[in-house]
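Data first, discussion second: the structure below is written as structure tokens.
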DNA sequence: GAATCGTGGAC
DNA sequence: TGTCCAAGATT
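Numbering (this note's numbering), first residue to last: -14 to 339.
Shown next, in the form of structure tokens:
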């Protein structure tokens, strides 16, 4: 055992075991000369940033159906894009997606740049996504480094330095490992290997095409790599939210969040800020208007990237339609279902309507 | 360099 | 129930 790692065994494995995904050009089709659509590659890669394949699939199909070409997406309204993205998370991706589509359609003649530098200049495209698009859509040699690659190469070369300090070494290794011939398939092969064989826990080393050259496998360290710097604890923030219900049609009062920051540009029900030392004695001061607000039993709990949230929900039943306040609107039925409501807000609305 | 920025599934 | 973490980018 302990040969020098090369791309060949992995590419051979990929030819047999590549996952079939809606945005992927299979190795067979590639051999037949099928050219991937850069728009489709870009769309999928942005959606896949920190998001699982299973979650992305339906959103990808929906977006491609709504906006088949980059010009279609560029011509869509910001609101429609945010509505279609609702629930997928990391909403700055959706804002940047729209900006990027506009730049490609209006300034680049509808064609995505082929180089990493050219791609990197577009909003929402960082080092990973630029390399992925360049390699997958344009068959250019680029070191595609994502979380899978970090894990697979940390084990293959037994890199014991904790992430993120080990990133430079991992990048260098990926640059040297990536073949001139099939850089896109190779990148996807490493990612498929990481997703199905070289998994974070209990890797299936006996099935791995790189088992021979894998030094972590030889030393028994595979399942303990990569090492990572310890994470910070999440504090818990509290707040209140108000579900105003128009009794005639069960419409709910909504408003827009500020364009940047947490859930930026998305819709919400009126409520307080969320803080660690929220003062519940002033809860009703955050209501959109005076009413017979009734506290719902149970608290809506949600966890964001860097804090836990516990929201106390109030419901108010309105017999007459009040004059709608600044930048607010009523929404019911199919309209409500299609609103740009992030998951936390859907939980709150559900709690209010129960 | 460290923080910010969502969500759902696996264990 | 809590933690991990998934095809990261931006500031």
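Every residue gets a Cβ at the ideal spot worked out from N, C-alpha and C, and that includes glycine.
In three-state DSSP terms, what is residue i?
| i | result |
| --- | --- |
| residue 42 | helix |
| residue 70 | helix |
| residue 213 | strand |
| residue 107 | coil |
| residue 286 | strand |
| residue 333 | helix |
| residue 141 | helix |
| residue 82 | helix |
| residue 34 | coil |
| residue 280 | strand |
| residue 269 | helix |
| residue 347 | No information on residue 347 is available, as it lies outside the stretch -14 to 339 that the chain covers here. |
| residue 130 | coil |
| residue 76 | coil |
| residue 13 | helix |
| residue 156 | helix |
| residue 118 | helix |
| residue 64 | helix |
| residue 186 | coil |
| residue 8 | coil |
| residue 92 | helix |
| residue 125 | coil |
| residue 174 | helix |
| residue 47 | helix |
| residue 26 | helix |
| residue 56 | helix |
| residue -9 | coil |
| residue 1 | helix |
Sort the options by Cα distance to residue i and report the nearest one.
| i | options | result |
| --- | --- | --- |
| residue 231 | 68, 318, 34, 260 | 318 |
| residue 98 | 325, 24, 164, 75 | 24 |
| residue -8 | 151, 168, 320 | 168 |
| residue 89 | 107, -4, 125 | 107 |
| residue 28 | 297, 312, 122 | 122 |
| residue 313 | 295, 251, 269, 173 | 251 |
| residue 139 | 207, 126, 105 | 207 |
| residue 59 | 5, 3, 81, 76 | 81 |
| residue 213 | 270, 152, 14 | 152 |
| residue 348 | 274, 296, 46, 235 | For the chain, the structure presents residues -14 to 339; residue 348 sits outside this window and is missing. |
| residue 36 | 21, 131, 0 | 131 |
| residue 311 | 1, 242, 18, 233 | 242 |
| residue 265 | 298, 286, 240, 273 | 298 |
| residue 280 | -3, 40, 287, 268 | 268 |
| residue 239 | 192, 330, 288, 258 | 330 |
| residue 275 | 64, 227, 85 | 227 |
| residue 301 | 289, 334, 291, 101 | 334 |
| residue 340 | 236, 221, 277, 57 | Coverage of the chain is limited to positions -14 through 339, which leaves residue 340 absent and any answer about it impossible. |
| residue 210 | 194, 183, 225, 236 | 183 |
| residue 42 | 9, 217, 144 | 9 |
| residue 148 | 215, 101, 124 | 215 |
In this structure, what does DSSP give as the bridge partners for residue i?
| i | result |
| --- | --- |
| residue 223 | 260, 295 |
| residue 253 | 240 |
| residue 315 | 238 |
| residue 303 | 231 |
| residue 167 | In DSSP, residue 167 forms no bridge with anything. |
Taking buried to mean at least 16 other C-beta atoms within 10 Å of its own C-beta, is residue i buried or exposed?
| i | result |
| --- | --- |
| residue 93 | exposed |
| residue 188 | buried |
| residue 379 | The requested residue 379 does not occur in the structure, where the chain is confined to residues -14 to 339. |
| residue 48 | buried |
| residue 255 | buried |
| residue 223 | buried |
| residue 17 | exposed |
| residue 114 | buried |
| residue 344 | Because the chain is modelled from -14 through 339, residue 344 falls outside the range shown and cannot be assessed. |
| residue 155 | buried |
| residue 158 | buried |
Query raised in the report: For the 8 Å Cβ check, are there 3 or more pairs between the stretch 162 to 180 and the stretch 131 to 142?
Result: Result yes; three or more Cβ-Cβ pairs closer than 8 Å.
Query raised in the report: Counting Cβ pairs, one atom from each stretch, are 3 or more of them under 8 Å apart for the stretch 149 to 167 and the stretch 192 to 199?
Result: Taking one beta carbon from each stretch, the stretch 149 to 167 and the stretch 192 to 199 have fewer than 3 pairs nearer than 8 Å; the two do not touch.
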